[in-house]
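The next block holds one structure in the form of structure tokens; read it before the comments.
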Amino acid sequence: MQDRVEVVRGATGLMQGAGNPSAAINMVRKRPTSTWQFKGSASAGSWDDYRLMADVSGPLTEDGRVRARLVGFGQDASDFYDLAFNDKHLGYATLDVDLTENTTLNIGYSHLYSNRNLIWGGMPTSYGYQHLDLSRSTFVGADWEYNKTEADTFYASLAHDFDGGWSLNFNATYVDGRYGMLGTFLLPTPDVGGHGHVWWATQSVRYQKAADLKVSGPVSWFGRKHDLVFGATVNRQNERDTQWFKSWDDPDFLTRGVDLATWNHAIPRPDTSSTSPLRYVYSTRYKQDSLYSVGRFNVADTLDLLLGARLDWYDKVIDTGSSAISFSENANLTKYAGLTWKFADRHSAYVSYTDVFQPQNQRNLNGDLLPPKSGRNYELGVKGEYLGGALNGSIALFRIDENDRAAWLSDQSACTVPAGCYGAAGLVRTEGVDIELQGALAPNWQIGAGLTYSETRYRKDANPDNIGHRLSTADPTTLFKLSTQYTLPGALSRLTLGGRVNWQSKMYRDATNAYGEAVRIQQDARAIVDISASYRLTKNLNLKLDINNVFDKVYYSTIAADDWIWGATEAYGRPRSALLTLNAGY
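Numbering (the UniProt record's numbering) for the sequence shown: 1 to 586.
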């Protein structure tokens, strides 16, 4: 369904209004092709992982003005832990119609279904706040747990090219989504020993309508060419949620005193009927209207100035039946400024600033929505092309400030919100560096490398003890990725070998355990190695083997959170796995 994924780093408010000072992911859909083509694949892998994919596209009329594409995908899989299941299927259909030589209409529909069980909270720790070192196949939940998503998406777009390089683009989308989840979370039961299962369930229906109108093109001012963009967006969402939960301060235990070493997953299914006393229903109405403009101004032969602004009108209402909670923002201004300088052959430098606001869903002790999280992003970087443009490199320094970030309140005794209460955390600042290298070292040798270092610390907070400390030591400060792919020469040119290394620095949490001792729980720095081999059987067939975590490294992908000390908040990383795929293309 997706042709490619575009990642835009930095604050994204100029593009999506209620964004965050991090990054945006733009999923670009597959479009029909002007000639007939077929792509398909069949895969089999570890833990009974079976997948099928088919993608057919081409013209429906002799003149090629009407084109269509159909994509289907299905997966039936287990996983590395007991009782696991993962069923997924996707259908996608899209049609292109050239209304005129300069105007194209694109319409499409997709259906997504996904149903799997999950370890909602993950693995617990011991009362001493240490890893329990259970088997990676351990599933600490019940046999009735599930996490199900369904979505039907209808969309249409119209693109028209005017004379002089100007263009108009209109996009409209309607989404009908359903989500359901029933899961357990382990908490300690020190009065009887062991752990106990707390449960939570939700059923939600969401309808979304969105549209975007954009006009863009070049202008000539003062003897130079510049580019301008003007646009408007509307977004409407209605959601109805039904949840079953008591409270974190006084949870509803299904079990107590469970010994996980002998756990058999046998728990009576909780009551999720409409008459359950733990049932809680609310609806959410959301709307956002936006106007935006962006300009790239060529102020000198080697210097471009980028300026942009966006106005957002935002309104959100949560209706619990007995009361309504609302938040609105009128004409919120998001600003963007950037400067790019081509200072040498195939080299450029840039500096940018973006601000953003992001309304939050969390509520405080009074049940009111928290104020929006506001953010600012500053970035300074250099980009270069090497080996005749075959290899691209970049380095960027960044700073991200966030105000009023939601923080869990340790004292929930006065909270009346089933999902828990939060407070605004003050100001946190993230500073770091990002280095990337991507491209070809030789005609048959591709390489990609990336290093990111960042730290997020409190600058202001209601709790003065937090100031200067890291926001979360459970997040690594350093990430390094290296991947390579090499096609052998001569008689072995049908064979391509690949490898990938993902390394990250340590993660840890400091806390006081149940015995009053100051302890640290930690996942040391670790590297995960993946390898692959691909063999071209014929012009149209290719066989590929992927082996992930080839050395079967045992590690935790997340470690215990101090919000739920000794609760179920750890998760193992995936063990070694293999996937064999036959690809066909015609």
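For every residue, glycine included, the Cβ atom is placed at its ideal position computed from N, Cα and C.
Next item on the list: Could you tell me if residue 248 is buried or exposed, where buried requires 16 or more neighbouring beta carbons within 10 angstroms of its beta carbon?
Entry: Classification of residue 248: buried, given that the 10 Å Cβ count is 16 or more.
Next item on the list: Just tell me which of 228, 251, 424 and 316 has its CA closest to the CA of residue 238.
Entry: Check the Cα spacing between residue 238 and each of 228, 251, 424 and 316: the tightest is with 316.
Next item on the list: Tell whether a beta-carbon distance below 8 Å holds between residue 190 and residue 567.
Entry: With contacts defined by Cβ atoms closer than 8 Å, residue 190 and residue 567 do not form a contacting pair.
Item checked: Endpoints, beta strand (DSSP E) assigned at residue 95 -> Its beta strand (DSSP E) spans residues 86–100.
Check: DSSP on residue 152, reduced to helix/strand/coil?
Finding: Residue 152 carries a strand assignment under DSSP once its states are collapsed to helix, strand and coil.
Checklist line | Candidates 357, 367, 250 and 335: closest to residue 282 by CA position | finding: Of all alpha-carbon atoms in 357, 367, 250 and 335, the one lying nearest the alpha-carbon of residue 282 is that of 367.
Check: From which residue to which residue does the beta strand (DSSP E) around residue 169 run?
Finding: From DSSP, the beta strand (DSSP E) with residue 169 extends over 167–188.
Margin query: Tell me which residues share the same chain as residue 167 and place their Cβ nearer than 8 Å to its Cβ, disregarding the 5 neighbours each side in the sequence.
Written below: Close CB contacts of residue 167 within its chain, under the 8 Å cut and outside five residues either way in sequence, are with 159, 160, 161, 215, 216 and 217 (chain order).
Checklist line | Opening and closing residue of the beta strand (DSSP E) in which residue 78 lies | finding: Element bounds for residue 78: n/a, residue is neither H nor E.
Note to self: I need the boundaries of the beta strand (DSSP E) containing residue 199, first residue and last residue.
What the structure shows: In this chain, the beta strand (DSSP E) harbouring residue 199 covers 195–221.
Next item on the list: Return the bridge partner residues of residue 276 from the DSSP annotation.
Entry: Per DSSP, none; premise fails for residue 276.
Next item on the list: Hey, could you find the ends of the beta strand (DSSP E) residue 123 is sitting in?
Entry: In this chain, residue 123 is not harboured by any beta strand (DSSP E), its DSSP state being neither H nor E.
Check: Going by Cα to Cα distance, which pick from 529, 101, 156 and 212 is closest to residue 234?
Finding: For residue 234, the closest alpha carbon among the candidates 529, 101, 156 and 212 is that of 212.
Note to self: Using the three-state DSSP reduction, which class does residue 21 fall into: helix, strand or coil?
What the structure shows: At residue 21, the pLDDT of 46 sits below 50, so the modelled position is not reliable; the number obtained from the coordinates is stated separately. Strand.
Next item on the list: Go to residue 374, then tell me how far its beta strand (DSSP E) extends in each direction, as first and last residue.
Entry: Element bounds for residue 374: 373–386.
Check: What number of angstroms, rounded off, separates the C-alpha of residue 545 from the C-alpha of residue 326?
Finding: Rounded to whole angstroms, residue 545 to residue 326 spans 53 Å at the Cα level.
Next item on the list: Give, in chain order, every unbroken run of the alpha helix (DSSP H) that is at least 4 residues long and sits entirely within the stretch 269–340.
Entry: Segments of the alpha helix (DSSP H) lying fully in the stretch 269–340: there are none.
Checklist line | Spatially closest choice to residue 508 from 518, 475 and 516, by CA coordinates | finding: Here the closest residue by C-alpha is 475.
Note to self: In the DSSP assignment, the beta strand (DSSP E) including residue 493 goes from what residue to what residue?
What the structure shows: Premise fails: residue 493 is in no beta strand (DSSP E) and is neither H nor E.
Checklist line | Alpha-carbon to alpha-carbon, residue 130 and residue 550 | finding: Those two C-alpha atoms are separated by around 27 Å.
Notebook entry, point to check: Looking only at its own chain, which residues have a Cβ that is under 6 Å from the Cβ of residue 403, when we skip the five neighbours before and after it?
Noted result: Excluding positions up to five away in sequence, the list reads 374 and 427.
Item checked: Candidates 560, 526 and 81: closest to residue 591 by CA position -> Here the chain comprises residues numbered 1 to 586, so residue 591 is not present and cannot be evaluated.
Next item on the list: Round the Cβ separation of residue 406 and residue 425 to the nearest angstrom and send it over; I've been treating them as touching at under 8 Å.
Entry: So it is a contact: roughly 7 Å between Cβ atoms.
Next item on the list: Look up residue 420 in the DSSP assignment and say whether it is helix, strand or coil.
Entry: DSSP places residue 420 in coil when its eight states are reduced to three.
Notebook entry, point to check: With 16 as the cutoff for other CB atoms within 10 Å, does residue 443 come out buried or exposed?
Noted result: The residue is exposed, with fewer than 16 neighbouring Cβ atoms inside 10 Å.
Margin query: Just to confirm my understanding: we take residue 60, look at its own chain, exclude 5 residues before and 5 after, and list those with CB closer than 6 Å. What are they?
Written below: These residues qualify, in order along the chain: 66 and 68.
Margin query: Using the Cβ count rule (16 or more neighbours within 10 Å means buried), how would you classify residue 552?
Written below: Residue 552 is exposed by the Cβ-count criterion.
Check: With distances taken from CA atoms, which of 302, 376, 306 and 335 is nearest residue 344?
Finding: Minimum Cα distance to residue 344 is reached at 302.
Notebook entry, point to check: Between the stretch 134–153 and the stretch 115–125, do at least 3 Cβ pairs fall closer than 8 Å?
Noted result: Three or more beta-carbon pairs drawn from the stretch 134–153 and the stretch 115–125 are found closer than 8 Å, and the two stretches are therefore classed as touching.
Next item on the list: Indicate the three-state DSSP secondary structure (helix, strand or coil) for residue 537 in the structure shown.
Entry: Residue 537 falls in the coil class under three-state DSSP.
Note to self: Using DSSP's beta-bridge definition, name the partner residues of residue 453.
What the structure shows: According to the DSSP secondary-structure assignment, residue 453 is paired through a beta bridge with 433 and 478.
Check: What is the DSSP secondary structure of residue 468, reduced to helix, strand or coil?
Finding: Here residue 468 carries a coil assignment [DSSP, helix/strand/coil].
Check: If you count every other CB in all the chains shown that lies within 10 Å of the CB of residue 548, and 16 or more means buried, which is it?
Finding: Buried is the call here.
Checklist line | Segment limits, beta strand (DSSP E) that includes residue 235 | finding: Going by DSSP, residue 235 is part of the beta strand (DSSP E) stretching over 224–244.
Notebook entry, point to check: Contact between the stretch 485–495 and the stretch 513–529: three or more CB pairs below 8 Å?
Noted result: By the Cβ test, the stretch 485–495 is not in contact with the stretch 513–529, since fewer than three Cβ pairs between them sit closer than 8 Å.
Item checked: Cβ shell of residue 103 (< 6 Å), same chain only, five flanking positions each side left out -> These residues qualify, in order along the chain: 160.
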